[in-house]
Amino acid sequence: MRSVLVTDSGLGGLSVAAALAERFRRAGAGLELTYFNAWPEQERGFNRFPSQAEGLRMIHERMLARPGSQVILFGTLTTIASEVHRNGLIDRGIAPGRIVAQACDRLAAEIEQDPESRTVQDMIGRFVAEAVSRLADPGAPVLAAFCCTHYNYSAGLFRAAFAPLEPEIVNPNEAMGACLEPAGAGPVRARVLSRIVLSDQKVAAMVRQIRPVSPPLAEALIRYRHDPDLFTY
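For the sequence shown, numbering that gives the first Met the number 0 assigns the number 0 to the initial residue and increments by one for each residue that follows.
Below is the structure:
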């Protein structure tokens, strides 16, 4: 039986944890899964993109597979301002003109409240329109890369906002959810820990997203443990 800790600044990484839990369950492998919400304070946080190297690898591979394609990097203000994904692609030989970096201010926070809300829909529509207007060649194939774990929950709204364009969604959550090989027979058990209080609305919204993938993790989120002394900050 494996013991695995998944951590993220917020609840976006729950989709990674859910994919892991379901993969182990299907294989009949034992898993002790802990999701650690690393958001430090109720009204203050930080933005980090988990496994930046994995995300860059996926984006680069998909661009190589589609010659002449362009990529739109969707991320938080902090992530986009860091230019880590843009510079990483350029270092790997991708021409700067094939890259559009689109900051999506406050989108992750709104997705946690309700990934399918009208507010989220309007925000995604605005961000997609801004990004598409900056494409060098609107007729070339487009990749939409999620540089934030939360955006996976609203993938359908992203696709709808791009219409009539049909971009290829590059979602690193999928690779991270398949990064461990199941081993050892046993049950799948999960728990969720958080330093901050999670609102009922936020918990309900995330449960709707992850229950179809991993019921045990959804139940763990409902029963999450709030511990204000979980870590120092």
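Beta carbons are placed, not taken as given, at the ideal position from N, Cα and C, and that holds for glycine.
Where residue i falls, given that 16 or more other Cβ within 10 Å makes a residue buried
i	result
A139	exposed
V15	buried
N86	exposed
H225	exposed
P215	buried
R194	buried
C146	buried
Q200	exposed
D7	buried
L13	buried
C178	exposed
V196	exposed
L55	buried
Inter-residue spacing [alpha-carbon to alpha-carbon] between residue i and residue j
i	j	result
S241	G74	One cannot answer for residue 241 here, as it falls past the ends of the chain, which runs 0 to 232.
F48	G183	Any reading at F48 is ruled out, since the residue's pLDDT is 42, under 50, leaving its predicted position unreliable.
A130	V99	7 angstroms
S213	I110	19 angstroms
E173	A20	13 angstroms
L39	G9	Leu is not the amino acid found at residue 39; the sequence shown has Pro there. Roughly 9 angstroms separates the two Cα atoms.
F230	R105	25 angstroms
L192	V119	26 angstroms
E31	A189	6 angstroms
L88	F126	21 angstroms
A28	G67	42 angstroms
G176	I58	16 angstroms
R65	F161	19 angstroms
A128	T148	21 angstroms
A94	A135	11 angstroms
Q208	L164	26 angstroms
L142	N151	14 angstroms
G185	V206	24 angstroms
N46	E115	Residue placement at N46 is poorly supported in this model, since its pLDDT is 46, which falls under 50; the coordinates still yield a value, given next. So the alpha carbons of these two residues sit roughly 22 angstroms apart.
R158	G124	10 angstroms
S153	L72	15 angstroms
Three-state secondary structure (DSSP) of residue i
i	result
R6	The residue asked about is misnamed: residue 6 is Thr in this sequence, not Arg. In the structure shown, T6 sits in a strand (DSSP, three-state: E or B).
T77	helix
L72	strand
I93	coil
E60	helix
E82	coil
S14	helix
R133	coil
A37	coil
G27	coil
Identity of the residues DSSP links to residue i by a beta bridge
i	result
F230	None; F230 has no bridge partner.
L32	V3 and A189
I98	V70
V141	Q69
heavy atom of the ligand SAM below 6 angstroms from residue i C-beta
i	result
F73	You won't find the ligand SAM in this model; it holds no ligand whatsoever.
Inside the stretch 100 to 130 only - alpha helix (DSSP H) runs reaching at least 4 residues: The stretch 100 to 130 contains these whole alpha helix (DSSP H) runs: 106 to 112.
Can you list the beta strand (DSSP E) stretches of 3 or more residues lying completely in the stretch 143 to 226, in chain order? DSSP runs (the beta strand (DSSP E)) wholly in the stretch 143 to 226: 167 to 169 and 187 to 193.
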